[in-house]
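**Student:** Chains as they are written, first to last, in the working numbering: chain C, 817 to 930; chain P, 94 to 204.
From the three backbone atoms N, C-alpha and C, an ideal C-beta is built for every residue, glycine too.
Sharing a structure below in structure tokens format, with a few things to ask.
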Amino acid sequence: NAGVTQTPKFRILKIGQSMTLQCTQDMNHNYMYWYRQDPGMGLKLIYYSVGAGITDKGEVPNGYNVSRSTTEDFPLRLELAAPSQTSVYFCASLGGGWSGNTIYFGEGSWLTVV
Amino acid sequence: LAKTTQPISMDSYEGQEVNITCSHNNIATNDYITWYQQFPSQGPRFIIQGYKTKVTNEVASLFIPADRKSSTLSLPRVSLSDTAVYYCLVGEGDNTDKLIFGTGTRLQVFP
């Protein structure tokens, strides 16, 4: 069981560069989420999706974009990377609705912007 | 907004029971309350989930009063390996799909 898979695990970006963090889940979950976690801080919701073709902003969407063309994939795009985007990024998925279900998290992607 | 509030940190000793309370004054009527545990450099992992009253599993108990505006995670007989950050999670108000984590409680267990 792969669960939620994130790539890359580590990446160093220069200021102004762009990149995409990939997230794939093999559980046929409709709901997917992207969180970021700064050192010593809690998780902040960036974007989420309740199904293919549907995305919504979370708490901290600025500087990011997402797409959801398939149920399995939920890539997170960083445009014009800034040092403030240095963080650990977690992708997560949830089967069905929130009520009574649990979230599965990926192992995280460590991003440093220099 | 169903913002959650938890104590920033707690200390305990091995073998003690630890109770961590989370307040969620604006929780939606159909929303569940879930607790997660996070170790450094890892993603959060599920501990327990409940809707009302009391839920117990092999690692913890969750107490939810009738008004559901708060919940208490109870960890019996903690060990050093329980040192972690604990989060309670609810949906954001009526939008239970928008899952917002609180600040979490950093539990330190001492020998």
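Taking the straight line between their C-alpha atoms, what separation do you get for T836 (chain C) and W128 (chain P)?
**Tutor:** Position 20 of the first sequence, counting from 1, holds the residue named residue 836 (chain C). Position 35 of the second sequence, counting from 1, holds the residue named residue 128 (chain P). Going from the Cα of T836 (chain C) to the Cα of W128 (chain P) covers about 30 Å.
**Student:** Give the secondary structure of S174 (chain P) by DSSP, where H, G and I count as helix, E and B as strand, and everything else as coil.
**Tutor:** Looking up residue 174 (chain P) in the second sequence gives position 81. In the structure shown, S174 (chain P) sits in a helix (DSSP, three-state: H, G or I).
**Student:** The beta strand (DSSP E) that contains Y942 (chain C), what's its start and end?
**Tutor:** A query on residue 942 (chain C) cannot be resolved here, the shown segment of chain C reaching from 817 to 930 and no further.
**Student:** Tell me the rounded alpha-carbon separation between K155 (chain P) and F826 (chain C).
**Tutor:** Translated into positions along the second sequence, residue 155 (chain P) becomes position 62. Translated into positions along the first sequence, residue 826 (chain C) becomes position 10. Sequence check: residue 155 (chain P) is Leu here, not Lys. Whole-angstrom Cα-Cα distance: 36 Å.
**Student:** Along chain P, in chain order, which residues have C-beta atoms closer than 8 Å to that of F921 (chain C)?
**Tutor:** As a first step, residue 921 (chain C) must be located in the first sequence, where it is residue number 105. G136, P137, R138, listed in chain order.
**Student:** Going by other Cβ atoms of all chains shown within 10 Å of its Cβ, with 16 needed for buried, is T840 (chain C) buried or exposed?
**Tutor:** Walking along the first sequence from the start, residue 840 (chain C) turns up at place 24. The residue in question, T840 (chain C), is buried, as its Cβ has 16 or more Cβ neighbours within 10 Å.
**Student:** By the 8 Å beta-carbon criterion, what residues does the region 192 to 203 of chain P contribute toward chain C?
**Tutor:** L192, I193, F194, G195, T196, G197
**Student:** How about R104 (chain P): is its C-beta nearer than 8 Å to some C-beta of chain C?
**Tutor:** Working through the second sequence from its first residue, we reach residue 104 (chain P) at position 11. Per the sequence shown, the amino acid found at residue 104 (chain P) is Asp instead of Arg. For D104 (chain P), no CB of chain C lies under 8 Å from its own CB, so it is not counted at the interface with that chain.
**Student:** Rounded C-beta distance between P205 (chain P) and E107 (chain P)? I'm assuming under 8 Å.
**Tutor:** Here chain P covers residues 94 to 204 and nothing more, so residue 205 (chain P) does not appear.
**Student:** Residue range of the beta strand (DSSP E) that D872 (chain C) falls in?
**Tutor:** Sequence index remark: in the first sequence, residue 872 (chain C) carries index 56 (1-based). Per DSSP, D872 (chain C) belongs to the beta strand (DSSP E) from 870 to 873.
**Student:** What three-state label does DSSP hand S134 (chain P) in the structure shown?
**Tutor:** Here residue 134 (chain P) refers to the residue found at position 41 of the second sequence. Coil, per DSSP.
**Student:** Taking the alpha-carbon of Q109 (chain P) as reference, which of P:A121, P:L173, P:T97 has the nearest alpha-carbon?
**Tutor:** Within the second sequence, residue 109 (chain P) is the residue found at index 16, counting from 1. Ranking P:A121, P:L173, P:T97 by Cα distance to Q109 (chain P) puts P:L173 first.
**Student:** Using three-state DSSP, classify S834 (chain C) as helix, strand or coil.
**Tutor:** As a position in the first sequence, residue 834 (chain C) is number 18, starting the count at 1. Coil, per DSSP.
**Student:** Please determine, among C:L896, C:S900, C:T887, the residue with the shortest C-alpha to C-alpha distance to G911 (chain C).
**Tutor:** Taking the first sequence and counting its residues from 1, the one referred to as residue 911 (chain C) is at position 95. With distances taken between Cα atoms, G911 (chain C) lies closest to C:T887.
**Student:** Among the residues of its own chain, which have a CB less than 6 Å from the CB of V111 (chain P), if the five just before and after it don't count?
**Tutor:** Here residue 111 (chain P) is taken as the residue at index 18 of the second sequence, counted from 1. Contacts found: S105, L168, V171.
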